[in-house]
Amino acid sequence: MTINQLPVELLQKIFTLYVQGQSEYHARASHERRHQSTRLVDPDDEEEEEMEFAEGIAGEDEEEPPLSYPQPLRRSTPIHLSVVCRYWRSITLSMPELWASVDVRTPLDPRDVPIYEAWFARSGEELLDLSVCDSEVVQGRDDSHRGGPAYASSSSSSSNEESKDALFTILQRAVSVCHKWKKVRLTVQEHDAGRMVVADLSRFSDSEFASPPGSATPIAPNLESFDITLKETGAASYPAAGGGGGSRFGGAGLGGIGAGMGGVVTLPPSLSTPIIHILCRALCLSPKLTGASWGAYVDQEMMSYVPFNRLQRLGLEFISDRDAREVLSRCTELREVSVGRYGAPLSSGALHSPIGANQYHYHNHHHQQQYAMQSGNGNPVMLAKLEVATLNFKDEFTAPPTFFTSFLAPSLKELNMPYGFGAELHPEEGWKALARFLDRSGCTLRTLRFCEAVRMRAHEEGAMRRFLESRVFKGLRECSSGEGRRVMLRGCERETGAWR
């Protein structure tokens, strides 16, 4: 019996698990892996699709390059299913749900634009899980260091401009179907997001300047979660696609919307608000929003429009001890929180003086201890529904992070601390603070991942082993440390030689 002899319903189920399962897995790992482009194939071009698919199979026996994010994901798209044979193609084209997960990353080729346009069209009325990622933002490298077929033979500025124009056109197409957005992950440069906003000014400005506030129609009424990371460029003007008044790919250009000399679009004075606020404010209008994440600090402006009281999942790139209490106290429904950098007390909190992450200045040892004592004197904030917390203490704490004195989490089941308690805090003090936090919360911690991003020193390992014998850790079922090593737990067979 061959696979094509299986019932159509079973094949459809297999296809769904293949596409959606792989997309979800790689979306979670997108910020931890390197990016490189893979040429997409248009299923409407039968000769090209069969040739390129055959080349892909023939090349699989060759030596694999270093692990990268898009390589496995680009092999698990509905496009790749549709080029296996005519029968599979007919099935994939009859299943709009297969096309509901759209993943875009640079560098792009101009030929990718119509493929993505067809991808959007084939999703029909299905709600979209959209991910757009600029590899330059993730890698932090200039174009000359980027890999991928689009740049294999040339790293010229013209190739870069073509990629940016293609990205802009695809973003425009994505915005045109924003009523279908269910989940959105946008990791791009600030000026690319600015071009997208200016190109559809009426849509975004309606949500930005609605009077009275909240009266605007949501631009994404079905949106459940968003993840926005913009690389700051300090741009107040944005080049039109192709350097002229219109896109070379046939999309709507920027000419006529504040266009100046040389195809440059300047934000109108009324749009002096940072792009991150324009985007987030518009997305926060969704009545279904339960998850939000952005690669920026929380300032007072965000506090005015983000519906923290409805969020079940919250991701923050930066937050300080001082600001965490004010932000998280509003999150009454919070079940999962992730903080990229949980900082020591600031000399000037972001909520009170909006400053960039690179301008943070930390207190000295005395001020940190003083703030820790002050925080401990107040009533802890109850995070009643919090189940999963990921906290990166990467800064130089010399007093225990006040998260352990400022909050209670009776439902906490999983705690991830990739950098432990930071570089300067004595491990005994950190473990004591954590043990007291768990004891006061009355929670049963099931999973602990500690120092997986750094190598622990001998005295840190010793402190960890001693404290894991404490009563508050008796419920642990999974515990791992540096380099993914599992820690030996009482009554468990999952031992590792590193801890015997």
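Numbering of the sequence shown is given in the UniProt record's numbering, commencing with residue 1 and proceeding in unit increments.
In this text, a Cβ means the ideal position worked out from N, Cα and C, and glycines have one as well.
Span separating the alpha-carbon of Cys-178 from that of Thr-106: For the purposes of this step, residue 178 is taken as residue 178 along the sequence shown, with counting starting at 1. For the purposes of this step, residue 106 is taken as residue 106 along the sequence shown, with counting starting at 1. Distance between the alpha carbons of Cys-178 and Thr-106: 21 Å.
State yes or no: is the C-beta of Trp-119 within less than 7 Å of the C-beta of Trp-99? Counting from 1 along the sequence shown, the entry for residue 119 is found at position 119. Counting from 1 along the sequence shown, the entry for residue 99 is found at position 99. A contact, by the Cβ cut-off of 7 Å.
Compare the C-alpha of Asp-323 against each of Ile-3, Tyr-297 and Ser-338 and name the closest. The residue you call residue 323 lines up with position 323 of the sequence shown. Ranking the options by Cα distance to Asp-323, first place goes to Tyr-297.
Under a three-way DSSP split, which group does Ile-228 fall into? Numbered from its first residue, the sequence shown carries residue 228 at position 228. The answer is strand: DSSP assigns Ile-228 an E or B state.
Beta-carbon contacts of Asn-364 that lie in its chain and below 7 Å, excluding the five residues immediately before and after: Taking the sequence shown and counting its residues from 1, one reaches residue 364 at position 364. A caution first: Asn-364 carries a pLDDT of 36, below 50, which makes its placement in the model unreliable, though a value can still be read off. Excluding sequence positions up to five before and after Asn-364, its CB lies less than 7 Å from no other CB in the same chain.
Do you know offhand how far Ser-176's Cα is from Arg-281's? Walking along the sequence shown from the start, residue 176 turns up at place 176. Walking along the sequence shown from the start, residue 281 turns up at place 281. Pairing Ser-176 with Arg-281, the inter-Cα distance amounts to about 18 Å.
Beta-carbon proximity check, Arg-341 vs Gln-312, cutoff 7 Å: Locating residue 341 in the sequence shown gives position 341, where the first residue counts as 1. Locating residue 312 in the sequence shown gives position 312, where the first residue counts as 1. With contacts defined as CB atoms closer than 7 Å, Arg-341 and Gln-312 fail to qualify as a contacting pair.
Taking the straight line between their C-alpha atoms, what separation do you get for Gly-343 and Asn-222? Counting from 1 along the sequence shown, the entry for residue 343 is found at position 343. Counting from 1 along the sequence shown, the entry for residue 222 is found at position 222. Each residue's Cα considered, the two are about 34 Å apart.
Buried or exposed for Ala-384, please, with buried defined as at least 16 other CB atoms from any protein chain shown within 10 angstroms of its CB. The residue labelled residue 384 in the question sits at position 384 within the sequence shown. Residue environment: Ala-384 is assigned as exposed (fewer than 16 neighbouring CB atoms within 10 Å of its CB, all protein chains considered).
Just to confirm the assignment, what range does the alpha helix (DSSP H) spanning Ala-389 have? Numbered from its first residue, the sequence shown carries residue 389 at position 389. Here Ala-389 belongs to no alpha helix (DSSP H); instead the beta strand (DSSP E) covers 388-391.
Taking 6 Å as the cut-off, is the CB of Val-113 close to at least one heavy atom of the ligand PLP? This structure lacks the ligand PLP, and indeed carries no ligand of any kind.
Contact belief for Leu-386 with Leu-412 at Cβ below 8 Å, rounded distance in angstroms: In the sequence shown, the residue the question calls residue 386 occupies position 386. In the sequence shown, the residue the question calls residue 412 occupies position 412. Under the criterion of beta carbons closer than 8 Å, Leu-386 and Leu-412 qualify as touching, at roughly 6 Å.
Check this for me: beta carbons of Glu-126 and Glu-97, under 7 Å apart or not? Stepping through the sequence shown from its first residue, residue 126 is reached at position 126. Stepping through the sequence shown from its first residue, residue 97 is reached at position 97. Between Glu-126 and Glu-97, the CB-CB gap stays under 7 Å.
Output needed for Ile-275: all residues of its chain with C-beta closer than 7 Å, excluding positions within five of it in sequence on either side, in chain order. Counting from one through the sequence shown, the residue named residue 275 turns up at place 275. If you ignore the 5 residues before and after Ile-275, its C-beta comes within less than 7 Å of the C-beta of Glu-190, Ala-193, Gly-194, Val-197 and Leu-230, all in its own chain and listed in chain order.
Near Gly-315, which residues of its chain fall below 6 Å by C-beta distance, leaving aside the five closest residues on each side in sequence? As a working note, residue 315 is residue 315 in the sequence shown. Within the same chain, Gly-315 has close Cβ partners Ser-293 and Ser-338.
Jot down the residue ranges of each uninterrupted beta strand (DSSP E) in the segment 381-446, minimum 3 residues, whole runs only, in chain order. For the segment 381-446, whole beta strand (DSSP E) runs of length 3 or above, ordered along the chain, are 388-391 and 414-417.
Going by DSSP, what residue range makes up the beta strand (DSSP E) through Ala-292? Mapped onto the sequence shown, residue 292 falls at position 292. Segment 291-294, the beta strand (DSSP E) holding Ala-292.
Once DSSP output is grouped into helix, strand and coil, what is the label at Gln-189? Along the sequence shown, read from residue 1 onward, the residue named residue 189 stands at position 189. Note: Gln-189 maps to strand in three-state DSSP.
Where does Glu-9 land, buried or exposed, given buried means 16+ other C-beta within 10 angstroms? Taking the first residue of the sequence shown as 1, we reach residue 9 at position 9. Glu-9 should be labelled exposed.
Chain-order list of residues whose beta-carbon lies under 8 Å from that of Cys-284 (same chain, five-residue window excluded): Along the sequence shown, one-based indexing puts residue 284 at 284. Only residues of its own chain outside the window of five on either side were considered, and among them Ala-292, Tyr-305, Val-306 and Pro-307 have a CB closer than 8 Å to the CB of Cys-284, listed in chain order.
Does Val-306 come out as helix, strand or coil in the three-state DSSP assignment? Reading the sequence shown from its first residue, position 306 is the one you call residue 306. In the three-state reduction of the DSSP assignment, Val-306 falls in the coil class.
Spatial distance of Glu-136 from Asn-160 (CA atoms): As a first step, residue 136 is located in the sequence shown; it is residue number 136 there, counting from the start. As a first step, residue 160 is located in the sequence shown; it is residue number 160 there, counting from the start. The straight-line gap from Cα to Cα measures roughly 11 Å.
Identified DSSP bridge partners for Arg-449: Residue 449 sits at position 449 when you count from the first residue of the sequence shown. Its beta-bridge partners are Asn-416 and Ser-480.
Where do the N-terminal and C-terminal ends of the alpha helix (DSSP H) with Val-113 fall, by residue? Translated into the one-based positions of the sequence shown, residue 113 becomes position 113. That run of the alpha helix (DSSP H) goes 112-122.
May I ask you to list the residues that DSSP assigns as paired with Gly-319? The residue given as residue 319 occupies position 319 in the sequence shown. Going by the sequence as given, residue 319 is Ile instead of Gly. DSSP lists Tyr-342 as partners of Ile-319.
Could you tell me which of Leu-391, His-277 and Lys-288 sits nearest to Gln-300, measuring between CA atoms? The residue given as residue 300 occupies position 300 in the sequence shown. Checking every option, the nearest Cα to that of Gln-300 belongs to His-277.
Could you check where the beta strand (DSSP E) with Ser-101 kicks off and where it finishes? Taking the first residue of the sequence shown as position 1, residue 101 is located at position 101. Run containing Ser-101: 101-105, per the beta strand (DSSP E) assignment.
Nearest to Leu-279 (by Cα), restricted to the options Thr-290, Ile-319, Leu-328 and Asp-227: The residue labelled residue 279 in the question sits at position 279 within the sequence shown. Out of Thr-290, Ile-319, Leu-328 and Asp-227, Asp-227 has the C-alpha closest to the C-alpha of Leu-279.
What did DSSP end up calling Ser-163 once you bin it into helix, strand or coil? One-based indexing of the sequence shown puts residue 163 at position 163. In the structure shown, Ser-163 sits in a helix (DSSP, three-state: H, G or I).
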